[in-house]
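Reviewing the structure listed below.
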Amino acid sequence: MNVDWISHLLFGLTLSAILLKDRSRGKMALVAAASLLPDLDILWYHRSGLHSPLVLLILALLPAIRNRAFFAPILTGFLSHSALDIFLFDNSNHAIKDLANQVVANESMAQSIEASITNYIAADGIMLFYPFSSEKYSITLSEGNYTIIAGFIAAAAVFTLVWLYFKEYRRR
Ligand SMILES: [Zn+2]
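To convert, note that position 149 of the sequence shown is 148 in numbering that gives the first Met the number 0; the numbers rise steadily by one, no gaps.
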């Protein structure tokens with residue numbers, strides 16, 4: 000199972016809150032868009048070269064030709080996506096099914112929910128060195144690790160939002 004788009008959004012925004020000096024609303028919107036864009040390849044072949052750091056670097060350079068200020072936020076959004084997609088979630092203990100079962104309280108329905116989720120977002124890492132190599136690289140997380148990382152991302156995102164809010168508030 001790979002990481003969903005909400006995690007991509009949160010991770011991108013969190014990372015840019017740490018890394019970028021200019022955190023205006025416009026720049027954060029750029030980061031948000033860029034953190035989701037690599038998954039457009041779901042339209043033709045998911046986890047294609049569009050997830051490769053080198054390809055994304057070149058794509059971030061193109062708008063920077065017109066305006067250099069675009070470069071940092073777009074690159075941050077792009078690379079946060081790649082970084083997160085390297086991680087795979089080990090579902091061998093059927094955590095998805097258990098979770099679904101808690102919601103629908105129906106074993107066979109939970110099973111088919113799990114099957115469709117794992118089919119839909121079946122992932123095997125990213126092409127880290129594309130176009131030089133099409134080999135995919137990944138880091139598999141056990142369920143315990145995944146919870147820790149998901150918790151960390153959520154906590155960092157909440158912290159970031161609160162901090163941005165107070166920064167804005169003080170300016171008034
Ligand atoms: Zn992706």
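By construction, the Cβ of each residue, glycine as well, lies at the ideal position given by its N, Cα and C atoms. Computed from a prediction, not measured in an experiment: that's the story for all the values here.
Under the criterion of a Cβ to heavy atom distance below 7 Å, does Asp97 qualify as lining ligand 1? Within 7 Å of the C-beta of Asp97 there is not a single heavy atom belonging to ligand 1.
To the nearest angstrom, report how far apart Ser141 and Arg169 are at their CA atoms. Going by the C-alpha atoms only, they are around 42 Å apart.
With the cut-off set at 8 Å, would you say His4 and Leu35 are in Cβ contact? It should be pointed out that residue 4 corresponds to Trp in this sequence rather than to His. Contact: yes.
Please say whether Leu55 and Phe88 have beta carbons closer to each other than 8 Å? Their beta carbons are not under 8 Å apart, which means Phe88 does not touch Leu55 by this criterion.
Considering only heavy atoms of ligand 1 and the C-beta of each residue, which residues fall inside 6 Å, strictly closer? Per the Cβ criterion, the list is Pro37, Asp38, His50, His80, Asp84.
My assumption, with CB atoms under 8 Å, is that Lys26 sits in contact with Pro62. Please give the rounded CB distance. That belief does not hold up - the Cβ atoms of Lys26 and Pro62 are roughly 13 Å apart, past 8 Å.
Check whether the segment 141–158 touches the segment 9–24, counting contact only when three or more Cβ pairs, one atom from each stretch, lie closer than 8 Å. Yes, since at least three Cβ pairs between the segment 141–158 and the segment 9–24 fall closer than 8 Å, the two stretches touch.
DSSP has Leu140 in a bridge; who is on the other side? The beta-bridge partner set that DSSP reports for Leu140 consists of Phe88.
Hey, would you say Ile138 sits closer than 8 Å to Phe86, going by beta carbons? Yes, they are a contact pair.
By alpha-carbon positions, which one of Asp123, Val102, Ala94 ends up nearest to Asn144? Of the listed residues, the one whose Cα sits closest to Asn144 is Ala94.
According to the neighbour-count rule (16 or more other Cβ atoms, all chains shown, within 10 Å of its Cβ), is Lys166 buried or exposed? So Lys166 counts as exposed.
Nearest residue (CA-CA) to Asp51, options Arg22, Arg65, Ile125: For the sequence presented, residue 51 should be read as Ser rather than Asp. For Ser51, the closest of Arg22, Arg65, Ile125 by C-alpha to C-alpha distance is Ile125.
Considering only their Cβ atoms, is the gap separating Ile112 from Ala104 smaller than 8 Å? The criterion of a C-beta distance shorter than 8 Å is not satisfied by Ala104 and Ile112.
Buried or exposed for Ser91, please, with buried defined as at least 16 other CB atoms from any protein chain shown within 10 angstroms of its CB. Of the residues assessed, Ser91 falls on the exposed side of the cut-off, its CB having fewer than 16 other CB atoms within 10 angstroms.
Quick test of your reading: Leu160 and Arg22, contact by CB under 8 Å. State the CB separation rounded to the nearest angstrom. At roughly 12 Å, the Cβ-Cβ gap does not stay under 8 Å, so Leu160 and Arg22 are not in contact.
Terminal residues of the continuous alpha helix (DSSP H) containing Asp21? Run containing Asp21: none; DSSP gives neither H nor E here.
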